[in-house]
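Going by the working numbering, 430 is the number at position 427 of the sequence shown; the sequence numbering is gapless.
Just so it is clear, CB atoms sit at the ideal spot from N, CA and C, and this is done for glycine as well.
Only one structure is covered here, and it is reproduced in the block below.
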Amino acid sequence: MEKIFELRPKKDLLDPTFEGYKLSLDALPVYKHEVPVAVEHLKPSDEQLSYSHVKTFGLHNHLIEDPWSDEIAFFISKDLQIFKINLHSLASQNPEFTSVWQIPQRSERRDGWFNASLSFASSELAVVTDGGGVLHIIDTNIRTSTHSHTWEVKLSNQIMGSGEPFKVIHSILNAEEGSQLETLSVLVLKVESIDQVESQIALSTFGCSEKETPFINCLEWIEYEHKDGNWSFKQLKRLAIPHGLDYASILSPGKSICLIAREPFGIIFDSTRNVAAPLPSPQMDEDEAENKVAYTWAETPEEVTLWVNFDKQTSKHDLVVKIESQTLKIVHKNQTYLDGELAHAISVDTSTWTLSDGKLEIILSKNNQSLNWSHLVLNDLRGRKVLDAETAAEYETVLNTTKGTQSGNGGRPPIFSSEQLEECDDDMMDETYIFRFDGETNQFTHKAILSGQLLFFTESAPGLAPAFCLRHDVDGLIWQPMGDELEQPWGCLHTAALQALGYIQASKEQRKFTVAPPDMTYAALCDAFTHVYIYRQPNCSLTGVEMVHRPTGRKVGNIARQQVLNIDSSEECLGAMATNTFLLILTSSSLFAIRVNSD
């Protein structure tokens, strides 16, 4: 059971006397530079029509910030070159754009791929994906505006799963003290069709169905380890999040993750262990097994057929059936129903399973047709061998009648029916929560309800998870997820406040990006086209204007200012990034550097 915690704002960071922003007509220096190669900008294919696809493509920020260096930024061009931008050069006529690495191109056609993405795990390590299902681990050396080291591939062409497109959300490198072993943790996001998700438990456990959730957000937590100079795969965990993922990050030192999402969701796959509840294994003799028959089966010289009865409402998404050459496994919801070694080897390619009216039928093709099977699954006494399908149906009828007599219900209708529910009784699906997920136990350990809307998230200090901004009344409050090294209960720390940002953002219908610099002296809202709104905070002498009350001569103090800019471009805004000095806006062919503050 998760521990419930609260997001408690610090009163000294709130300003109840804030009166609003004053419109400033002061001009800001704007430097426009053409990029060497057009920025990559892929759009959803004709099959990628879900809200999750639109969100993944539409809100992808093509400007990449480096938490380890405030002198540089990056973007990826349409020919998959990674370019480094020297921020100090943007105020000159000769900006420095340096190509640092070429992502290998596997195909000229990239229909259905995500935009390529880049994440920095440490001061000298990066994770890159081409957007088409391949991951690269790169040694970047020290990244500064003056160093121009060539990036070196450490592990390349790591195809994830069956090559489904994904984007890298976050990564972190953890080096154990007193050991040469390093662990790289990477979070990637996939949007997969419900029929293509590889899962160890039934997806219906989390309310998934073809009608309601034809596409599912899958968050994959992948770990690689560095030992004896080589990188190798360690493990993978997969979480199904059918109703939308808003935020995800790895908590230092890489033993847990933090995510913001709507319930229900949970872990569906672990490469190191099974996440389904294990099969009960009570000690039974043959007489007891006769009264606890779980399935029937029959054989012919060519094949073995297995029948299992479930509720008539059971769908294929309530089951996981895994057929291998020597083993068979059936999972109903999140409970293992059958798991074990088959009597003899089978042909997987010609074996099939079907489900009709709650009756599961599995046909296993024999490898050796001369062998008769004395049992189906080794040491499983719950199976009953019958002559054929007709005999199996008759046996199931008798068995169900016996179960109905023993149930003691007496044929009375159920006390409660779901048809009695009204709309007001429906579960709240719009509630958003923040969770901590422990990778060692595969359990959610902490949970808090978000009382306000998630406005944006921003990079934090090196080694920390990205911070996120939540609406609180009319303001925007910055919250920093804690690392696991701190010797105190886990939670999120309130670190800053952006005055009235929640109220302001709600009125910007064309907004695409919201960004803020590390010192939080301003916030910028960037429309998809043309307009940029800058809101300077009142608590900094660099951004405020000292006002005087004329009748009394009393100094009012710093007044918050609002500035509106029109960007000289008809192209869509593809990326935005805020530093303490510059606000950067990226379009397909141009980079705009707006000097907001002096150095």
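Close CB contacts of His36 within its chain, under the 6 Å cut and outside five residues either way in sequence, are with Pro98, Leu594 (chain order).
A contact is defined here as three or more CB-CB pairs under 8 Å, and the segment 312-329 fails this definition with respect to the segment 372-389.
Take Met580, set aside five residues on each side of it, and the residues of its chain with a beta-carbon closer than 7 Å to its own are Leu66, Glu68, Ala76, Val518, Leu587, in chain order.
A straight-line Cα-Cα distance of about 7 Å links Ala526 and Pro520. Leu121 sits away from Ile88, with the two beta carbons spaced by 9 Å or more. Taking C-beta atoms under 8 Å as the contact rule, Asn177 and Gly232 fail to qualify, at a distance of about 18 Å. Judged by DSSP secondary structure, His449 falls within the beta strand (DSSP E) whose first and last residues are 446-452.
For Tyr54, the enclosing alpha helix (DSSP H) covers residues 54-61.
When the beta-carbon positions are compared, Leu458 and Gly505 come within less than 9 Å of each other.
With fewer than 16 neighbouring CB atoms inside 10 Å of its own CB, Glu111 falls in the exposed class. Under the three-pair Cβ rule at 8 Å, the segment 236-249 counts as touching the segment 259-275.
For Ile507, the uninterrupted alpha helix (DSSP H) segment begins and ends at 504-509.
Distance from the CA atom of His56 to the CA atom of Leu190, rounded to whole angstroms, is 18 Å. Sequence-distant partners of Glu9 (beyond 5 residues in either direction) whose C-beta falls short of 7 Å from its own C-beta, in its chain, are Ala451.
By DSSP's assignment, Phe236 forms a beta bridge with Tyr227. The Cβ neighbour count for Asn569, taken over all protein chains shown within 10 Å, is under 16; the residue is labelled exposed. A Cβ-Cβ distance of about 7 Å is found for the pair Ala297 and Gly386, placing them in contact under the 8 Å criterion. Cβ-Cβ distances below 8 Å link Asn371 to His347, Ala348 in the same chain, with the five nearest sequence neighbours on each side left out; the list follows chain order. Burial is judged here by how many other beta carbons sit within 10 angstroms of a residue's own beta carbon; Ile172 has at least 16 and is buried. Apart from sequence neighbours up to five positions away, the residues of its chain that approach Arg598 with a beta-carbon distance below 7 Å are Leu31, Pro32, Ala94, Thr584, Phe585, ordered along the chain. As the crow flies, the alpha-carbon of Met163 is around 13 Å from that of Tyr227.
Residue burial is scored here from C-beta neighbours: Asn160 has fewer than 16 other C-beta atoms within 10 angstroms and is therefore classed as exposed.
Under the three-state reduction of DSSP, Leu66 is assigned to coil, being neither helix nor strand. In the three-state scheme derived from DSSP, where H, G and I count as helix and E and B as strand, Ser207 is classed as helix.
Exclusion of the five residues before and after Gln108 leaves Leu83 as the residues of its chain whose Cβ lies within less than 7 Å of its Cβ. The beta carbon of Gln513 sits closer than 6 Å to those of Asp530, Ala531, all from its chain and outside the five residues before and after it, given in chain order.
Given a length threshold of 4 residues, the segment 244-282 has no whole run of the alpha helix (DSSP H) inside it.
Its Cα nearest to that of Arg146, the residue Ser126 stands out among Thr132, Arg564, Thr435, Ser126. Ranked by how close their Cα comes to the Cα of Tyr538, the residues Thr555, Pro554, Gln508 have Gln508 in first place. In the DSSP assignment, Met485 forms no beta bridge with any residue.
Looking only at Asn600, Ile260, Pro39, the smallest Cα-Cα distance to Met485 is reached by Ile260. Shown here, Glu393 sits in a helix according to DSSP, grouped into three states. Residue burial annotation: Lys230 is exposed, with fewer than 16 other C-beta atoms found within 10 angstroms of its C-beta. Nearest neighbour of Pro39 by Cα position, chosen from Lys319, Ser591, His449, Ala596, turns out to be Ser591. Secondary structure within the segment 351-395: the beta strand (DSSP E) runs of 3 or more consecutive residues, fully enclosed, are 362-369, 386-388 (chain order).
According to the DSSP assignment, Thr330 belongs to the beta strand (DSSP E) that extends over 330-335.
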